[in-house]
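In my numbering, the protein residues as written are 80 to 1088.
Just so you know, even glycine gets a beta-carbon here, dropped at the ideal spot from N, CA and C.
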């Protein structure tokens, strides 16, 4: 059914697009069949000046003929495309250095079916310009009224005239992409946002601290006259282009769903850019990320059209705002690892395509749905809630039962023919088998045999892994690693949870023994990777991943299994190392507000009427789910998809690919994942049932199929997935079962090791209405407010301070401490170990009539220097400092000023950038009058800064003026860090609060005295 539905939707889309599409009559990727009609012209292929495709045709005039002609036959398939159109467009490139350029363009036609008979001829009214032109020919009635079985010859004549005299052309020109169209129908038009034809435009582009250099290139073009040569520095892992998007360009960009970039890859380049990323930030008030998308375009040598599918906030821009576009390019080695680009490539123009009603509406798609599918959905809506849930569960279960290799039990990650297996989907399937048996969809023996086969596959070593952990994705047949995936701690945890659930159902059988063996094999202590928290995974190429399960998320499940392990237990206090931010005193949350993280631990662990010292995690999920629903409701006028009964923002497919969507501004585009609201039914049965019926009643035939609800949909983009994802299917069936019978909770909670873990963590039985315990509400408040009302005073000085890294001139200026105890809490960040580390800073501030002066004296026993000069945007990966200034406190509208300083790059020089503020970029371009200096000391390093007040929007500083202010230190202790390696371990700050860099309201105050 899924495949049929796909072709149905595709057919409808093509129907609505066909009337607006141009048809290619000749692509000029070959010179075969071209003739010069006795004018002496010759034809060659070119890969340098190309309007469309891989090649264009160079027309080389004879130099003696008054007219230069190009002719070819129009018959067969080419002729079939001709009918119904009244206009031709020919792409033509003329070099600005040519002595004479064609300024007359004639098209003639003859019928050559049985001899030669003239049909008609027309002149184009297009005025030639240097570079690429679209020469337009309006066909006469005779040229339109052709016979489908005849043969015709088209004659394109190019010549230069002065008055009545024709002068022979001598210099080559290029032709490409002859298309036919109907001028009476809406057409798609290329609208170039950036042409890259002038050095003035190119000089406005930045490299986002990657060291890339941009030059105007006159030897190739895909649009306009010239192109831009991108010269990587050869050391940055990614080469970037940063371009401001503002003014009229926003109008051109807005409400498009695709952005296209012309890129030329020289054939001889050893490392070719194969990764293309487009990111966007809003700079209107301060730097705020909007979104990003990778291109799925496959590249070849020569010219390529790199397409980015955009949606949501990346498409719906606000007039009057200012945005920054970030284009990132990367190459990969044979191990699929990013490596620096070392050779130039070319970019020529970034454009969008504007058309009139070129996409079908939701109503169009619904009207084309077969009546049988409509009837099926109508029947579903007539069922009572219990029967409807039963049907959803059954359909969903069949994915986990059928999309499986029965020889080994491996389950597809998603419903595509060549999908790999997800070990988490296997864990979901193992948990779902008892549901299938209890509800009569399979027999006990069928379920037992499938479970036994699956567990043997893993326990007997037929799936690739290490120390009891398995690769995230493996081959469906061989069990070998796929897609360069990691050995995953959380996906292994889900697999183990599923095995233990099945083992409890098939108690005292071989399945039970194998499930326990699978659990016992997992070396959780190894996954600590020398730290206090579990690593997210391991790769043979690089070792343990830098990311850890040290913040609130789905990793709770892994900790319960790890602490309760009968063989390799981790300390119970690892549970306390998890950072748990609290939203509005209401619930512990993940900042991205991706809904599945609240669901996954609750699939297996029965948190009802239980709490540790932090929270009742069932009630916590209830609160988070209702917030997710409320966010959708509040944004229902921004996105058409959202409604009172249509919600569920979570990791899912979307119009531009798979994303971890969530209920927070900037992390959604109108996409809804049905599993998110359905799987919340134990927490919010009322609004979850409403969502089920709402989705079916409004979009049923487009969101429902063979295995139940599809993965996602987006009404705003008229996008409906036709795929299923294994872990989403598991989430649905298991959480519905918990809501109906509690079966999964009952089976998993039988395990004595799970109970032991909960006891060691400190869980107690308690009925409560709150999500966060009263103690932790107060504790978190204390954490958040412990640094409030900090004040630093800056005396006025009579003599300028010399910015040289010497602090002699600062002797009489007050010092303010940032100590080892002022740790910023956050994921992946450790508190400073005062027993083995030295890390603190004294900062000082002064001012005169023109400038603000800052100094930091940093004590750090290991100064790590591993960031190259072209990679200073990566300061946060290593030893560095930041100063944050909020001029708005003084009434200025200059915007946030955040200065990041790398005391020493790999060449020993200080580097400074403005980062994620009102004008990000290196100070050489964003604040060129600033001065920065650094100096090594016996105990660490010194940094001095001079910031002209003009960059803060302050023209007349006076005593008593106040600014928002803070100072932060990033620290590493890995002296042998590789170039560019992320080695940051600690963050201390004058205001040691979560995400202090992003929350100006939590900064202290700087007062001029």
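Residue range 450-461 is occupied by the alpha helix (DSSP H) that includes residue 450. For the pair residue 160 and residue 120, the CB atoms are not nearer than the 8 Å cut-off. By DSSP's assignment, residue 403 forms a beta bridge with 323 and 360. For residue 580, the three-state secondary structure derived from DSSP is helix. The three-state reading of DSSP puts residue 572 in helix, counting H, G and I together.
Residue 109 is classed as exposed because its beta carbon has fewer than 16 other beta carbons within 10 Å across all chains shown. When the five nearest sequence neighbours on each side are left out, the beta carbons in the same chain lying within less than 7 Å of the beta carbon of residue 392 are those of 369, 370, 745 and 748, in order along the chain. DSSP places residue 203 in the coil class of the three-state scheme, outside both helix and strand. A check of alpha carbon separations from residue 582 across 318, 620, 827 and 382 identifies 827 as the nearest. Between the C-alpha atoms of residue 290 and residue 406 there is a straight-line separation of about 14 Å. Taking a cut-off of 8 Å for Cβ pairs, the segment 254-265 and the segment 152-167 touch, as three or more such pairs fall below it. By the Cβ neighbour-count rule, residue 1007 is exposed, with fewer than 16 other Cβ atoms within 10 Å of its own.
The beta carbon of residue 427 is closer than 6 Å to those of 275, 300, 301, 302, 306 and 341 in its chain, skipping five residues each way along the sequence. Following the DSSP letters along the chain, one finds residue 765 in no beta strand (DSSP E) but inside the alpha helix (DSSP H) bounded by residues 764-782.
The three-state secondary structure of residue 597, taken from DSSP, is helix. Here the alpha carbons of residue 733 and residue 376 stand approximately 17 Å from one another. DSSP places residue 297 outside both helix and strand once states are collapsed to three, so it counts as coil. Leaving aside the five residues that flank residue 692 on each side, the residues in its chain whose CB is nearer than 7 Å to its CB run, in chain order, 841, 852, 854 and 855. When the Cα atoms are used, residue 663 and residue 1002 turn out to be separated by approximately 37 Å. If you draw a straight line from the Cα of residue 985 to the Cα of residue 908, it is about 24 Å long. Note that the segment 386-404 does not touch the segment 1029-1043; fewer than 3 beta-carbon pairs, one per stretch, sit closer than 8 Å.
Look at residue 173 here: in three-state DSSP terms it is strand.
In this structure, residue 846 keeps its C-beta atom at 8 Å or more from the C-beta atom of residue 1066. The way I'd put it, the segment 343-352 does touch the segment 404-424; three or more beta-carbon pairs between them come closer than 8 Å.
With contacts defined as CB atoms closer than 8 Å, residue 876 and residue 1023 fail to qualify as a contacting pair.
For residue 997 and residue 185, the gap between their C-alpha atoms comes out near 54 Å. Annotated three-state conformation of residue 281 is helix, per DSSP. With respect to the C-alpha of residue 1046, the residue from 1009, 946, 936 and 1061 having the closest C-alpha is 936. Under the three-state reduction of DSSP, residue 631 is assigned to coil, being neither helix nor strand. Under a 10 Å Cβ-count criterion, residue 1080 is classified as exposed, with fewer than 16 other Cβ atoms of the shown protein chains found around its own Cβ.
When DSSP states are grouped into helix, strand and coil, residue 221 belongs to the helix group. Spatial neighbours of residue 910 in its own chain (CB-CB distance under 8 Å, excluding positions within 5 residues in sequence) are listed in chain order as 902 and 1065.
The segment 1016-1053 contains, as complete beta strand (DSSP E) runs of 3+ residues, the segments 1019-1027 and 1041-1050 (chain order). In the DSSP assignment, residue 318 forms a beta bridge with 408. Residue pairing for residue 273: DSSP places it in a beta bridge opposite 429. Judged by DSSP secondary structure, residue 471 falls within the alpha helix (DSSP H) whose first and last residues are 464-481.
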